[in-house]
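Have a look at the structure below, then the notes.
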Amino acid sequence: MAEGLRFDELRIAHRGAPMLTLDARVAPGEVLTVMGPSGSGKSTLLSAIIGTLAPGFALTGRITLDGTEITRLPPERRRVGILFQDELLFPHLSVGGNLGFALPARLRGRARRERIDAALRDIGLEGFAPRDPATLSGGQKARIALMRMLLAEPRALLLDEPFSRLDAARRGQIRALVFERARAQGLPVLLVTHDPEDAEAAGGRVITLG
Amino acid sequence: MALSLTRAAPALTLLALLGPVAAGLAGTLAPAFGLMPALGGSEISLAPFRDLLDWPGLPRAVTLSLFTGLAATFLSLALTLLICAGWQGTRAFAALERVLSPLLSVPHAAAAFGLAFLIAPSGWIARLIALPLDWERPPDLLIVQDPWGLSLIAGLVVKEMPFLLLMSLAALPALRPAQSLATAQALGYGRVTAWAKVILPRLYPQIRLPVYAVLAFSISVVDVAMILGPGTPPPLAVQVLKWMNDPDLAMRFRAAAGALLLLALTVTALLLWRAGEGLSARLASRWLVAGGRGRADRALRRTGLGLGALSAALVLLGLAGLAVWSLAGLWRFPDLMPQGWTMRSWMRHGTELLALFGRTLLIAATASGLAMMLTTACLEAEQRYGLRPGTRALWLLYLPLLVPQIAFLPGLQVAALLTGIDGTFGAVIAVHVVFVLPYAFLSLSDPYRALDPRYAIVAQALGKGQSATFWRIRLPMLLRPWLTAAAVSAAVSVGQYLPTLLIGGGRVPTLTTEALALASGGDRRVIGVTALAQTAAAFLPFALALLIPALAWRNRRGMRHG
Amino acid sequence: MIRRPMRNWLPLGLAAALSVTTPTLAFAEADPADWDAVTAEARGQIVYWNAWGGAENVNAFIGWIGDLAQDEYGVTLEHVKLSDTAEAVSRVLAEKSAGKDAGGAIDLIWINGENFAAMKRQGLLFGPWSEDLPNWRLTDPEANAALTADFTVPTEGLESPWGMAQLVFYFDTARLPEPPRSMAALAGWAAANPGRFTYPQPPDFLGSTFLKQALIELTPDPEVLSAPVDEADYAAATAPLWDWLDALTPNLWRQGRAYPQNAQRMIQLVADNEIDIGFEFNPNAASNAIANFQLPDSVRSFVLEGGSLGNASFVAIPYNANAKAAAMVIANLLLSPEAQARMASPDELGFGTVLAMDRLSDDQVRIFDEIPVGIATLTPEELGPTLPEPHPSWMERLEEDWTARYGAAR
């Protein structure tokens, strides 16, 4: 089976100079941790997977997700979710608006609102829909960001040092929540991090770039 | 926004403007080298330049233009930064922000007239002293029109400082200054010093283009210089206008050569400024990390606030002076207030101007709307397709700012005549777009580029296409700077005099063409009426630019700046 | 009238990009000799009259003429308000550059002096037409040379006069009991009252007029001024003027380090009590300023002994005007006794009439007799003789030299 996220001889070069190569598979529910110093190409790899590689980078090889090649697909059709270090909640939308933005259009009206309310309940933030994201705590924002990503029904998850901004107490909590959700939904996860503790908690294979 | 259209936007924008820009430049270049067949100049020659060099006032006029332009820009920038550094996020700053829109709305010439009436030896301030001291005659002091152009510099600073402040306010939120400032202050840095060390190095690149625009404007400004600047000789731009308007049509050759010299002067000033930037950066690189915590912090803060308040007061008091004049009967020195009051100036001119309000705003809305559409499409193309190398050629858009309008227009006028659009409403809007677009671009491009690209990535990862990302994420997040840029554009459009008159062929009168013609009679009563009417027209877009985000984001703390 | 096709040129760059064919159609143009045909053609036309818009009374007068034209001839008059006549000249020049030899945007220009000379020289004017207007018969060009020689340049029917103007000084009797009445006396008065006199900076029209007025009084032989400047001993003719200015300048307002920009600014300086004496090229200027609350009603006018410079204001039609017939109708209306009397009234413009009283019927003369005298306006007798303008080349030389001596290096 070709399930999960696959990299077939993926090579990325910048202005002709080779940057990284990757040949790997991340099974559903599995976490692949990518480590490496700054400049080793971690964020370039993420850009390549979500499809926002800047001009000047050349990519060869294939990326497949659940058997479909996504290498040349526009970002919005890849169904790859990403969490950054910052929560990046859209500041002009309410909490509910942020979640609604992610929700597929096929859900309408009442069903849509109910789905949002259920999602908020799910992460212990019941009744937060009308709130201004700027009024939330760091942990609350992180949970909203995670839920927002999950509501878009992704088929793989990319994590770009998503826990590094959180305080120690929250970090473990959120990390556990993310991994638990990913596993429960059978999503392949690619985690980019500096933090060996993250890698350890992820419990999967570790690749070091650079 | 259709995908292919967005991709083509930079090329389309350039194409749409290349014609006018080329025509405008050709209209300057050709006569500068002796070519102007309508006046019998059919051979290339350097005679216009020789003629220009023979003009005895040239060295002084050139020095004056450079000095006043550079000084006005430096002071406007320094004051802007000092105010931001010392007061951003405080109540005093919020108060200054509130008067920003009226300050920006006052036309340059009106502000200059107002300032002249305040500071002249027979002006309002002098009258305050004259009454208790029983002066019958004002002292014979050279304050306005002084040979060094100091009052001209003051007149420019009071108008350009608000513009730079506006541009800074649009750029600042993306830098999240509060966090950086708190960090630096926690390390023991004084407020101003902290700001200069941690915010300024990131802010300056974002307001660089507006600063260049201020520099180019200050060097080629005509109306303010005619009112406040010296006349023996005047700055080069004024002299070029005089030659251009000289009844002796042969002077047009010298005027064109002068306009080219003025262009060269502007480029020189920009290069000097750039060199200054480089030098400051070199010096600052050591100073930034040398650990000095700043000693004169309090004094600097007070100076900034004092000068900022003074600058705002000069414009607003000047406007108040003009308002009183618009209602004045006989009013002589040393009376502080008119001997009699009358509505006659308003009855005579007010209704006339009011009738032109609608058309003026319609032109402004259309021209700034088009300019904003092109600008947004270009910047969006840059975000989506990384067309930056391709967009490099967009510097051509700034040419209408660099070449003095008076020299740029004849060529543009000929082009409009050749295409047969001249004298129409559409032609007036088109020519406004040429002069409005640079301002739209420089007001919007930096905030646009400064928006964290990861928001768009998140949106796309959530399954939204480019179009949805633009309409639902980028545009709303940029609502404030977008509206600000639109307001600046609209205000620029409202202020266009010569393009409207020349391209409109007198068929499309606007508030400004009417106001300037009426005001050319020099009566302060009439100037008062026209100045207030023009201010009102320019104020409307600025007010909307403030009001709309305030209403739309009243429940979104993250969308407030600071 | 048949015009020869004119060759058109384009500025460099445009010429390469576009090729333009000159319209070679011969237009049947209005011939003022057949006045009925002109008025028939004019009916329904719109005349765009480009005229300085800085004076409320002029704007109102133009509006009044427009109403009259609509009522009597079915001609619509649009006043395109300019801040400088040069804007209209630029416009015609651009139209010529673009090869737009018909259907131009300007139908009528308020013009005189140097602007007329330049447009005439460059072939930018339509005509001759003005001497065929029906009301031209009411003028007497033999008695009033200013009607056919604009700054000595022959008008040759290319422009039609509508008002006479003259250089007149004014002062506030409440502050200055007795003004100096010659250039020599003026210099003496300025020495005794430093900082209380100035003049608009040449080449402003009024400033240059002041120089010419002084030159006529001071030069040894004023006769030479009517011929082009290179035919005279310029240095000898102007030496007394420069000596006089050298003595006067340190006693000027701001010690001559700054000058007012124009006539309007000078009115403001008198109102602000910065200077004591002002002047204008309009005998009614002081009365107008009083009516506009600019000056107190204690202001009075005076002229210099020996006469003062005077000339006529004209209207001209650009060579490519769109509504030539209607433009001629307006020009003719301006010459009608009714319009002339209104214009001459100090409540309106206060310009002198260009009509000759001995060519008018008794009824027409009576309208002029009934014109009230403005509070600060001099009677024709008090105005005294009108001095002819020197040849325009003198003005150009004087402006250049003045700038080199006082306007550039200080």
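Protein chains in written order, with my numbering: chain A, 1 to 210; chain B, 1 to 562; chain C, 1 to 410.
Ideal Cβ positions, reconstructed from N, Cα and C, are used throughout, including at glycine.
Source: prediction; values computed, not measured.
{"Item": "C-alpha gap between serine 361 of chain C and leucine 355 of chain C, whole angstroms", "Value": "12 Å"}
{"Item": "The ligand ADP heavy atom lying under 7 Å from the CB of tryptophan 87 of chain B", "Value": "No copy of the ligand ADP occurs in the structure displayed, which carries no ligand at all."}
{"Item": "Same chain, Cβ closer than 8 Å to arginine 175 of chain A, neighbours up to 5 away in sequence not counted", "Value": "Phe163, Asp198, Ala201"}
{"Item": "Proximity below 8 Å, CB of leucine 157 of chain A to CB of arginine 143 of chain A", "Value": "no"}
{"Item": "Environment of serine 298 of chain C [buried if 16+ CB atoms lie within 10 Å]", "Value": "exposed"}
{"Item": "Enclosing beta strand (DSSP E) for serine 308 of chain C [first to last residue]", "Value": "308-316"}
{"Item": "Beta-carbon proximity check, arginine 137 of chain C vs arginine 366 of chain C, cutoff 8 Å", "Value": "no"}
{"Item": "Beta-carbon proximity list for methionine 411 of chain C, same chain, < 8 Å, skipping 5 on both sides", "Value": "Outside the modelled stretch of chain C, which goes from 1 to 410, sits residue 411 of chain C, for which no answer is possible."}
{"Item": "Rounded Cβ spacing between isoleucine 317 of chain C and phenylalanine 171 of chain C (contact assumed at less than 8 Å)", "Value": "About 40 Å separates the two Cβ atoms, so there is no contact after all."}
{"Item": "Near-chain C residues of the segment 75-101 of chain B (beta-carbon distance less than 7 Å), N- to C-terminal order", "Value": "none"}
{"Item": "Of the listed residues B:Val433, B:Leu475, B:Tyr439, B:Ile429, nearest to alanine 453 of chain B (C-alpha basis)", "Value": "The residue asked about is misnamed: residue 453 of chain B is proline in this sequence, not alanine. Per the Cα distances, B:Leu475."}
{"Item": "Any C-beta of chain B under 8 Å from that of threonine 21 of chain C", "Value": "Any reading at threonine 21 of chain C is ruled out, since the residue's pLDDT is 34, under 50, leaving its predicted position unreliable."}
{"Item": "Alpha carbon of alanine 323 of chain B to alpha carbon of methionine 343 of chain B, nearest angstrom", "Value": "11 Å"}
{"Item": "Sequence-distant residues of the same chain with beta carbon closer than 7 Å to valine 144 of chain B, five excluded per side", "Value": "Ala116, Ile119, Ala120, Ser151, Leu228"}
{"Item": "Partners in chain C for arginine 180 of chain B, counting only beta-carbon separations shorter than 8 Å", "Value": "For the sequence presented, residue 180 of chain B should be read as serine rather than arginine. Within 8 Å Cβ-Cβ: nothing; serine 180 of chain B doesn't reach chain C, min ~48 Å."}
{"Item": "Inter-residue spacing [alpha-carbon to alpha-carbon] between alanine 517 of chain B and lysine 81 of chain C", "Value": "6 Å"}
{"Item": "8 Å Cβ cutoff, leucine 142 of chain B in contact with chain C", "Value": "yes"}
{"Item": "Length of the line joining the Cα atoms of proline 11 of chain C and leucine 103 of chain B", "Value": "Confidence is the limiting factor: at proline 11 of chain C the pLDDT is only 36, short of 50, which leaves the residue's position unreliable, though a coordinate-based value still follows. In a straight line, the C-alpha of proline 11 of chain C is about 41 Å away from that of leucine 103 of chain B."}
{"Item": "Coil, strand or helix - serine 101 of chain B by DSSP", "Value": "helix"}
{"Item": "Anticipated Cβ contact below 8 Å, proline 100 of chain C with alanine 38 of chain B, distance rounded", "Value": "Note that residue 100 of chain C is lysine in the sequence shown here, rather than proline. In fact, because the Cβ distance is near 11 Å, the residues do not count as touching under 8 Å."}
{"Item": "Proximal residues, the segment 519-532 of chain B versus chain C, C-beta separation under 8 Å", "Value": "Ala519, Ser520, Gly521, Gly522, Asp523, Arg524, Arg525, Val526"}
{"Item": "Local conformation of serine 47 of chain A per DSSP, three classes", "Value": "helix"}
{"Item": "Chain A contact for tyrosine 455 of chain B (CB, 8 Å cutoff)", "Value": "yes"}
{"Item": "Span of the beta strand (DSSP E), counted from its first residue to its last, around phenylalanine 279 of chain C", "Value": "277-280"}
{"Item": "Proximal residues of chain B, C-beta to C-beta of tryptophan 253 of chain C below 9 Å", "Value": "Asp140"}
{"Item": "Alpha-carbon spacing of isoleucine 275 of chain C relative to aspartate 223 of chain B, whole angstroms", "Value": "24 Å"}
{"Item": "Proximity to leucine 354 of chain B [Cα-Cα], best of B:Ala485, B:Met477, B:Thr512", "Value": "B:Thr512"}
{"Item": "Contact between the segment 37-53 of chain C and the segment 146-153 of chain C (3+ Cβ pairs under 8 Å)", "Value": "no"}
{"Item": "Coil, strand or helix - isoleucine 548 of chain B by DSSP", "Value": "helix"}
{"Item": "Outcome for valine 436 of chain B when other beta-carbon atoms lying within 10 angstroms are tallied against a minimum of 16", "Value": "buried"}
{"Item": "Per-residue burial, threonine 21 of chain C [other beta carbons within 10 Å of its own, 16 or more giving buried]", "Value": "Legend: pLDDT at threonine 21 of chain C = 34, less than 50; position of this residue unreliable, no value from coordinates given."}
{"Item": "Cα-Cα separation, proline 389 of chain B to leucine 53 of chain A", "Value": "In this predicted model, proline 389 of chain B has a pLDDT of only 46, less than 50, meaning its place in the structure is not dependable; the value taken from the coordinates is given anyway. Roughly 17 Å separates the two Cα atoms."}
{"Item": "Chain A residues whose Cβ lies nearer than 7 Å to that of alanine 461 of chain B", "Value": "Ile50, Pro75, Val80, Gly81, Ile82"}
{"Item": "Where tryptophan 135 of chain B sits in the DSSP three-state scheme", "Value": "coil"}
{"Item": "Near-chain B residues of the segment 207-231 of chain C - C-beta to any C-beta below 7 Å", "Value": "none"}
{"Item": "Assigned secondary structure, alanine 13 of chain A (DSSP; H/G/I helix, E/B strand, else coil)", "Value": "strand"}
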